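What follows is a single structure, written as structure tokens, with notes after it.
Residue numbers (this note's numbering), protein chains in the order written: chain A, 17 to 313; chain B, 17 to 313.
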């Protein structure tokens, strides 16, 4: 990754970590244990890919970064809640996440359940308590966008399709449907919410950004499957090979490793193409597309 | 209950059931099993106390009932999701709810987890996709109000306090703090959201309504504790005496049965007092206060 881009990423991550640290309820405030567990599950975690996409789309749309901070935090809280619930024994039963014990291991299952629930509520609080758009009616659309992306026809629906797919041989379109919902919906929401914090993008331009999000969301998942196949536990900070062990369909199991890599590269090219009209303003989005697809192989 | 009031209640319940039936995703739409489980968990259930309070407050504020329908549905979905998660093995481990197997028994735990998550998202979709107020900025406040009432400093926080209280002797103020969050926050939200769908209430009037909600929310919980102590499983449609078995603090265990009843009546009187300035427009709210407190004893 180019030095200039990596320093932009580091700056965004560091500023965003401060935003989360300041905006999450303090562990000193009652109910203390719940708030401590919420902070444990959100802070110091991950690469913040969705927030980075929101910041890049915000830059493209000339948005005030103070606004994008809240939109990005809302998306990241939805992502964080989904990980907490996904790790629970009744779902993936994972004990390790980002090199730390998962929330239900560090606390307990009931607390993990409430942490996820409360993080989702807080996401919608973040989207509604500050002015994020000059037009309140546009901000209501942002609330709706995140609600739909999170719900039964978005992320939660994708997880339901995932549950139903264990032990089944899916076709490529079926696998794609699952991922378009499970991870794609929230990645698209991150980009659109970042863009909505700015002004002046036409519907056609928003459609282009949405297409970029859709393609990069799929690429992200294909790369995840490739990494899960190749990496060892130490590098990933989670239990490697878990999907294969669980007999879950992946792009690698369906296409083979080489073809999955080729697919990731193809999605990457198409994603860049959808940004062609934006010129220099889409530079960060392009760099992020490279980052997502090229991160490890 | 007076015949005229009982027919108002029946009308609201029946119309509201249609709203839910039409607005919840069809079980024919993918992911079918998740959508079926969402409908199972929401439809044909309960007295719809929170929606009734929203409709009564909407009437007081001269709100269009088509708007209140969505606000009431949003609150009811939050309530329904909390029951689904609360019934799960890691929380209360209940197998029966409203005379039917609980969601995780009828489906499975992973589905119940996703049902709750997706219902919460849908609640915020309901609050944001239709015009519920003439001013979009006021509608954003409604989103924030429900988010705060649902989150770690509202309902989910109350459940965390509840978890922490098992096996402990709480003081009366501590018990009150738990219930103000666990059930009170959502009851207050129902009343305020109903009122916000209308126009022209002053902040002072909204404060009076909020005080009414707070008192009636507490009364509701005290009555629940009394009923739980007195009723048998058949009448309640849930396992009676469960709280006492679990060594959870209740108003009855803390105050004794007679004093708990007296407290419910005292809260009821204070609640009615807070409506005194509204005259005839608060009639339904008064009747609901009677209904909530006098339902069984």
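By construction, the Cβ of each residue, glycine as well, lies at the ideal position given by its N, Cα and C atoms. All values reported here derive from a predicted model rather than from experimental measurement.
Leaving aside the five residues before and after residue i along the sequence, list all residues of the same chain whose C-beta is less than 6 Å from its C-beta, in chain order.
i                      : result
residue 297 of chain A : 76
residue 231 of chain B : 283, 286, 287
residue 21 of chain B  : 303
residue 290 of chain B : 224, 227, 228
residue 173 of chain B : 197
residue 267 of chain B : 238, 241, 276
residue 271 of chain A : none
residue 221 of chain A : none
Interface residues of chain B around residue i at Cβ under 7 Å?
i                      : result
residue 156 of chain A : 144, 152, 155, 156
Buried or exposed, going by whether 16 or more other CB atoms sit within 10 Å of the CB of residue i?
i                      : result
residue 215 of chain A : exposed
residue 113 of chain B : buried
residue 74 of chain A  : buried
residue 137 of chain A : buried
residue 118 of chain A : buried
residue 47 of chain A  : buried
residue 78 of chain A  : exposed
residue 233 of chain A : buried
residue 176 of chain A : buried
residue 67 of chain A  : buried
residue 178 of chain A : buried
residue 274 of chain A : exposed
residue 160 of chain B : buried
residue 311 of chain B : exposed
residue 134 of chain B : buried
residue 244 of chain B : buried
Can you list the residues of chain A that residue i reaches, using a CB-CB cut of under 7 Å?
i                      : result
residue 141 of chain B : 160, 163, 164, 167
residue 175 of chain B : 130
residue 101 of chain B : 129, 133
Less than 8 Å between the CB atoms is what I'm expecting for residue i and residue j, so what's the real figure, rounded?
i                      : j                      : result
residue 72 of chain B  : residue 301 of chain B : 5 Å
residue 206 of chain A : residue 70 of chain A  : 5 Å
residue 39 of chain B  : residue 140 of chain B : The pair is not a contact, with the Cβ atoms about 13 Å apart (cut-off 8 Å).
residue 148 of chain A : residue 53 of chain A  : Their Cβ separation, rounded to whole angstroms, is 27 Å, which puts residue 148 of chain A and residue 53 of chain A out of contact at 8 Å.
residue 156 of chain B : residue 156 of chain A : 6 Å
residue 96 of chain B  : residue 57 of chain B  : 6 Å
residue 37 of chain A  : residue 59 of chain A  : 6 Å
residue 153 of chain A : residue 152 of chain B : 4 Å
residue 212 of chain B : residue 158 of chain B : 5 Å
Output needed for residue i: all residues of its chain with C-beta closer than 8 Å, excluding positions within five of it in sequence on either side, in chain order.
i                      : result
residue 171 of chain B : 94, 98, 165, 197, 198, 199, 201, 202
residue 162 of chain B : 90, 91, 94, 139, 140, 143, 205, 209
residue 125 of chain B : 104, 105
residue 264 of chain B : 178, 181, 182
residue 122 of chain B : 53, 56, 116
residue 45 of chain A  : 51
Under 8 Å between beta-carbons, which chain B residues line up against residue i? List them in chain order, please.
i                      : result
residue 51 of chain A  : 168
residue 41 of chain A  : 168, 169
residue 180 of chain A : 47, 49
residue 54 of chain A  : 168
residue 172 of chain A : 50, 130, 133, 134, 137
So, at 7 Å on beta carbons, what are the nonlocal neighbours of residue i in its own chain, with the 5 sequence-adjacent residues on each side left out?
i                      : result
residue 250 of chain B : The predicted model places residue 250 of chain B with a pLDDT of 49, which falls under 50 and marks its position as unreliable, so this point remains unresolved.
residue 246 of chain A : none
residue 35 of chain A  : 85, 89
residue 108 of chain B : 102
residue 294 of chain B : 76
Against residue i, what residues of chain A qualify as contacts under a CB-to-CB distance less than 8 Å, listed in chain order?
i                      : result
residue 136 of chain B : 133, 136, 137
residue 125 of chain B : 106
At 9 Å on the CB atoms, spell out the chain B contacts of residue i, in chain order.
i                      : result
residue 195 of chain A : The contacting residues do not exist; residue 195 of chain A stays about 14 Å from chain B at best.
What does residue i reach in chain A if we use C-beta pairs closer than 9 Å?
i                      : result
residue 212 of chain B : What residue 212 of chain B touches in chain A: nothing, since even the nearest Cβ is about 13 Å away.
Per the contact definition of three or more C-beta pairs closer than 8 Å, is the segment 101–113 of chain A in contact with the segment 126–133 of chain B? yes
Three or more C-beta pairs under 8 Å: does that hold for the segment 216–235 of chain B against the segment 158–168 of chain B? no
With a cut-off of 8 Å, do at least 3 Cβ pairs link the segment 60–69 of chain A to the segment 188–195 of chain B? no
Cβ pair count under 8 Å reaching 3, the segment 140–159 of chain B against the segment 21–34 of chain A: no
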